[in-house]
Structure formats: structure tokens, C-alpha cells
Amino acid sequence: MVRTWDVLVMFSYMWLRSCVCQTASPQDDKLKFRLAGYPRKHNEGRVEVFYTGEWGTICDDDFTLSNAHVLCHHLGFVEAVSWSHSAKYGAGTGKIWLDNLVCTGSENTIDECPSRGWGNSDCTHEEDAGVVCKDERLPGFLDSNVIEMQVDENRLEEIRLRPLSTAAAGRLPVTEGVLEVKKKEGWAHICSVGWTAQNSRVVCGMMGFPSEKNMGRKGDSHQGLYRIHSVACTGHEAHLSACTMEFNKNTTAPCPGGGPVAVRCVAGPQFTQGHKHKRKPPTSKVRLKGGARAGEGRVEVLKDSQWGTVCDDHWNLQSASVVCRQLGFGTAKEALTGARMGQGIGPIHMNEVRCRGDEKNLWRCPHKNITADDCKHMEDASVKCNIPYMGFDKTIRLTGGRTLLEGRVELLAPNASSLEQWGLICGDGWTSREAMVACRQLGLGHASSALRETWYWDSSNVTEMVMSGVKCRGDEMTLTDCQHHHVTSCTRTDAQFAAGVICSDSSSDLVLNAPLVEQSVYIEDRPLHLLYCAAEENCLSKSAARASWPYGHRRLLRFSSEIHNIGRADFRPRLGRHSWVWHECHRHYHSMDVFTHYDLLALNGTKVADGHKASFCLEDTDCHEGVSKRYECANFGEQGITVGCWDTYRHDIDCQWIDITDVQPGNYILQVVLNPNFEVPESDFTNNAMRCNCKYDGNQVWLHKCHLGDSYSEEAEKQFELYPGQLNNKIS
3 MVRTWDVLVM
13 FSYMWLRSCV
23 CQTASPQDDK
33 LKFRLAGYPR
43 KHNEGRVEVF
53 YTGEWGTICD
63 DDFTLSNAHV
73 LCHHLGFVEA
83 VSWSHSAKYG
93 AGTGKIWLDN
103 LVCTGSENTI
113 DECPSRGWGN
123 SDCTHEEDAG
133 VVCKDERLPG
143 FLDSNVIEMQ
153 VDENRLEEIR
163 LRPLSTAAAG
173 RLPVTEGVLE
183 VKKKEGWAHI
193 CSVGWTAQNS
203 RVVCGMMGFP
213 SEKNMGRKGD
223 SHQGLYRIHS
233 VACTGHEAHL
243 SACTMEFNKN
253 TTAPCPGGGP
263 VAVRCVAGPQ
273 FTQGHKHKRK
283 PPTSKVRLKG
293 GARAGEGRVE
303 VLKDSQWGTV
313 CDDHWNLQSA
323 SVVCRQLGFG
333 TAKEALTGAR
343 MGQGIGPIHM
353 NEVRCRGDEK
363 NLWRCPHKNI
373 TADDCKHMED
383 ASVKCNIPYM
393 GFDKTIRLTG
403 GRTLLEGRVE
413 LLAPNASSLE
423 QWGLICGDGW
433 TSREAMVACR
443 QLGLGHASSA
453 LRETWYWDSS
463 NVTEMVMSGV
473 KCRGDEMTLT
483 DCQHHHVTSC
493 TRTDAQFAAG
503 VICSDSSSDL
513 VLNAPLVEQS
523 VYIEDRPLHL
533 LYCAAEENCL
543 SKSAARASWP
553 YGHRRLLRFS
563 SEIHNIGRAD
573 FRPRLGRHSW
583 VWHECHRHYH
593 SMDVFTHYDL
603 LALNGTKVAD
613 GHKASFCLED
623 TDCHEGVSKR
633 YECANFGEQG
643 ITVGCWDTYR
653 HDIDCQWIDI
663 TDVQPGNYIL
673 QVVLNPNFEV
683 PESDFTNNAM
693 RCNCKYDGNQ
703 VWLHKCHLGD
713 SYSEEAEKQF
723 ELYPGQLNNK
733 IS
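For what it's worth, our numbering labels the leading residue of the sequence shown as 3, then goes sequentially.
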């Protein structure tokens, strides 16, 4: 009997090990891996393993680089660079799941590596092991450039504020109410005895509010589910679960001398009830760029009137939360590293930012100034902030699409008396900027397509147009915040001409290399007999038609253009290759009708001359290290600009100019605008225009202060517009 029992036990153990090995897949819920600790970047940290419902660590005894390789594979990285011992990233908590782990590096799961067995260890958390993985993802794994609050699922899953009155229950956002915590058995209260303003500050931050206000009274005293007592936050925490507190296993434990905690929060200006959602005030010294949703993006700060980025060394939730509160949001939900919201351009102003969490703005946090060797834009820091729930997604929906990310846009009709009164948006004038706002309101990320006709999608029973003339800046939170007709007026009223969108997790972002324009500018008097192709493509001013062809010349303002894609998705022309147009003169296919405008403006903004890329052949001229070219115009190849690459148009090719034959000497502004008709969606259109001061003396030209339209402070930009001339004569 004993031997039979031993055999059964051994068989059961072998069966269990085989099951555990199968559950070691990163897609399985039973065995999960994460990086934790501080300070760290997204590809390094203390290794934590989720096994049998509990997070724990790995001891550094006998740890090797081969162990780190297997663990980095679990985390979705291609390989390990190094490993660390003695809790370099801080001591963990809970179980120490593995000890004396010895892998060869070829195992598919750490469960195949010899060890003392799960949960069998003689270590302390001062011996927790860490890894540094190569910042390159395995195919099939999503980007993981995130440092987030790692909440113990057994402590706090979710919190909410239950309004104190029925009148307040219908208003959004909910700024005050009884605090309720979600537990497995339902929603429970927190005992108010000892509750402090610091606790309320943390709660308000989680709910998307920058600050708290004295409640004046606690919730009504009653006997209920008081699972949590004696909460003690410092006010710096990004999540209530990071505060010390006492849990009571008895779900009906009393709260002597108190009642349920009630909290009152102060909403940021974007979310004040009845407030029309506007852009943040121009005095702000911090902004978010490249994010799809409100409260997320690459962090940029203002220094010496110029915007620049923040390096991600030591970037964490406390520093990210200072940014979020400064902008009128709550605490940070995630701190992101590795240019997760796209690479910035221009200067990098700050490095190794170390906030406590209670600073009024990011500049008050300890930090290092940047030197050229410290950081690159591939290390730009980003944030995702907690924002209050506004119910915007309840008044918009998509219908007819093949996936949940696309469809005809339907809005809840204004003054609708029921949820069934939905209407369409007129497709006239619908561009990618309006599509950006629609995808944001839906909570579906960026726009990848804006559609003016949706006849190929199944029609719902909704046929009435309820909005027309929509014109958005692109940063609004809802379509009703955009300009639109007070009375709906649509030239094509059939449902097949309603506006539609396709949303996406990522988007491209084009910027021009402004210094290159400034360095490469010059004037050429080009003979007319060399300009027949250019005339065919309308690259000369109107007076060229009256010239004595082929005799004479045109005076051309020439410069080089280098268009970078700093976004998170490739830039592709809107039309498929079947719609591209072959141009015999220049021997390539043009994939876009209008791609770039070149304008020479008088100081009062009047256009005195212009040029343009009437059509464009888009390709990867060059790329950053580690990025491969994907697009080439030759031989009817695919056209586009890959993320991390740029398309260069040298100063000496046709149409790379402005015809200034008829322009008088004087001071002007040179303006270049990419994707001027918003034909292709981007994550950010505010950086598509570049401007320079231009001085022309009749023989030579000089450019000064070439910059992207959003790279200066608003005050500095106003001074630029008034600038009367040049301070230097840079020319090459």
C-alpha cells in the first residue's frame, strides 16, 4: 500500500510539474512575471513571479546570466544584458519563490531549471535577484516600457466615490462622496477614525483630481462592511495600496467613534462642471505631447523659452505624478520610459529627476542638467495620468465596422430624451483632426483613417444627420467641444455620406529638420530651358507662364528638407498604389496630391510667394541605428516613412524651392508645412509647421531662428513674429 501511495504521489507530482511547465507561457494567468523596484528603467528591475495566486521574488544564490536570459524571455525581451544581486532594486515582499536556480539559458520556462523547488528557500529579501534585459522585444510581445504601481491584488483592486445625495449622483465628475473599496465579496467601507488629509490626497489623485478639500464631515455613521482601518498615507503615494493600513478579516467589524470615510476632491480646470474644455493656460511650464488620450503623453518642459524633453533615468511614479497634478490631472497611473510616446526633438532639459511627490511643479524636484553625452531622445520620459470619469464615451458609438476600432460615427442626439435617439455626422469637411477627437472620445486611441463616405459598411437604422461643419483643433476631449454648425446643414444627407473613423493604438508623427533648412538655404538663377518638368508640376509662380521660354531664368529660393517620422507608426499615404499617378518627367509615382507647402510671408502674414510638393514620392532615405529601411520609390515600390527614419529632399532637386522672381528685397518669414490638409492622421499636428526669419537683399538670402511652430513659448513666438531682421548671416 505504501509503495502504491508513493507511486501515486510521484505520478501526481510529475503531472503537476508538467502542468506548471505548460502554464509558464507569458499568456497564462497562473504564472506571470514582472519587473519591480527603484530606481530602474522598463527593461530592468527586481524579478517578481506570480505563482499559485501570489507574487514573490527569486533569491540570488547561484544566480547566473543564463537564469537572466530565461527570465528576460518570459518578460518578452530578446535576451539579458546583466543581472544583479543583494536587492539592488530594493527588497521585495511576500514569498521568495525560487532559490539556487540554475538554468542553462536554453529552457523555455524557469520551471525546467533545477532549483530547491517552489517556495523552498533559506534567503531573505535582502538577497532578491534582478535582471537587465536588452531593450528589444520578442515578436508577438507588446511594448512594455511601463513603470506602474504594482498593486497587490489581495489588498485593493478598485476604489470609487459614492455620491452623498441623489442630486449629486447625476453630475459628472463625481468629486465627493463615501469612499468604497472593491473586495472579492463586494464593496466595503474604510473606517474614518484617524483618517487624514494626506489620505484624501492619495484617493483624489487616484480618482483623477489634482488636490483634496476638507470634507467637513464624515459619512453617516452606520454598521457596515469595514474591512480597512488605520490608513496612514504620507500624501506622496500614487495609489492607496502603497499606504500602510490594517485589514480586518471580520467583514462586519465595527468602527467605534467613526463611520465610513467620505472624501471631497477639487477638479482640474479641464473637468470643472459646466466648464468648456479648453487647452491648458499658456503659462504652464510643462506639457504632454504625442498621447492619444487626455492626460497622457511625452513630458516636455519649458526652459529659456524653449520646450524640451525629460530623460527617463530614475523616472518613477512620484515624478510622473508631479507632472500630472501640475496639469490638473490626478496621480500617475503609469510612468513610461524609452520614448514610449514617441521621440521628442530639440533639447533635453532634465535628467535623473527625483521628486518626493508633493512638489508644485517638476522644476522644484531635484534633477541634473543635461550634457550631450547623458541622454538621447530614445530615452524620453512619458506619463499616463489618472483622469476623472466624465461619461464622454456614453454619447458616441461606432456602427457597421469590421472590428470594434472602426465604423460610422454616431452621436447621441442633443437633448435626447432616451438612449435610442442617435444621429450621424455629416462627412463634408471631415478630416483626420476630427477623427482624432472621435477616437479619443471613444477611448480607442489614435485615428488611423478619417472617412467621408461609409457606404461600404452595414447601415444601422440611424439615418438622420445631427451634426455638420465639424472643425477641431485636435486636442478637444469631445466632438461637441469642436466648432460645428448650430443648425445642421449637409450637402449630402444620405447615411452613406456620414463620417467614419478607423482607430489605432499608434500613429505617425512628422517633423522637419529645422536646422538643416537654415544651413542649406541659397538663391539660384535657373535657366528656363531646365524648368519644363517643374512648370508641368506647377512648381513656378504664375508669372512664369508669361516668360519668353526657353530664354531667360527664374530666381529660386532653395533649401533642403529632411522629414523625420518620430511617431509610433509608419507614415503611409492615404491612397493605395492603384491610385498613385505616374509622372514621366521625374520618373516616379506620386502617392499624395498635397504633401508640403512652402510659403514666403510678409511680416504681417501676407503670402508673397509660395512653393509646394504637389505630389510626393515617399521613401526612407536614412534611418537611426538599428532601424531598417522599408520604403523605396524605385520600381513601383511601397511608399512611406518608417518610424525612426527620414525622407530627404536635397536642395538641388526639382521643386525643392520657392520661386521668388517677383519678390522685392526685404524681411520675410519662411514657412514650411507638412501634411497641410491633414490628409494622413498623425499623433500631433502642432509640430508640422516650421518657420524662419528670412532676409533677402536682392542678391543673397539669410535665414535665422528656424524652428518648429510649437518649440518656443507663446511669448517667444510672439516676439518672433515682430522680429524685424537678422542678427547674423548664416549661410552655406
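We put the CB at the ideal spot given by N, CA and C, even for glycine.
When only Cα atoms are considered, ALA322 and SER384 end up about 8 Å apart.
Sixteen is the threshold: when 16 or more other Cβ atoms of the shown chains lie within 10 Å of the Cβ of THR456, as they do, the residue is buried.
Across the set MET208, VAL596 and TRP582, the C-alpha of TRP582 shows the shortest separation from the C-alpha of HIS590.
In this structure, the alpha-carbon of PRO262 lies about 10 Å from that of HIS231. Put simply, of THR54, ARG118, TRP99 and VAL133 the residue whose alpha carbon is nearest the alpha carbon of THR66 is VAL133. A contact between stretches requires three or more CB pairs, one per stretch, nearer than 8 Å, and the segment 540-555 fails this requirement with the segment 511-519. Under DSSP, ARG48 forms a beta bridge with ALA38 and GLY132. Rounded to the nearest whole angstrom, the CA to CA distance from CYS377 to ALA341 is 12 Å. Residue pairing from DSSP places ILE643 in a beta bridge opposite PHE573.
For TYR591, the enclosing beta strand (DSSP E) starts and ends at 590-592. Contact holds between the segment 495-510 and the segment 568-578, because three or more Cβ pairs, one in each stretch, are under 8 Å apart. The bridge partners DSSP lists for TRP704 are LYS697. A direct Cα-Cα distance of roughly 22 Å separates THR236 from TYR228. Ranking TRP85, LYS609 and GLU621 by CA distance to the CA of LYS136 puts TRP85 first. Here DSSP, grouped into helix, strand and coil, assigns ALA500 to strand.
Residue state for TYR534 is assigned as helix, using DSSP reduced to three classes. In the assembly as shown, ARG442 is a buried residue. Its beta-carbon has 16 or more other beta-carbons within 10 Å. Assigned with DSSP and collapsed to three states, LEU103 falls in coil, not helix or strand.
Looking only at ARG652, GLY628 and CYS257, the smallest Cα-Cα distance to THR644 is reached by GLY628.
In the displayed model, HIS566 falls within a strand according to three-state DSSP. Within the DSSP bridge table, the entry for VAL303 names VAL288 and GLY310 as partners. With fewer than 16 other Cβ atoms from the protein chains shown falling within 10 Å of its own Cβ, ALA234 counts as exposed. Per DSSP, reduced to three states, the secondary structure at ASP661 is strand. Along the segment 191-216, the alpha helix (DSSP H) occurs as fully enclosed runs of 4 or more residues at 199-208, listed in sequence order. Using a Cβ distance threshold of 8 Å, HIS238 and MET208 do not count as a contacting pair. Counting only unbroken stretches of 3 or more residues, the beta strand (DSSP E) elements lying wholly within the segment 403-468 are 408-414, 424-427 and 448-453, in sequence order. In the three-state reduction of the DSSP assignment, ASP686 falls in the coil class. The secondary-structure analysis by DSSP pairs ARG560 across a beta bridge with TYR524 and TRP659.
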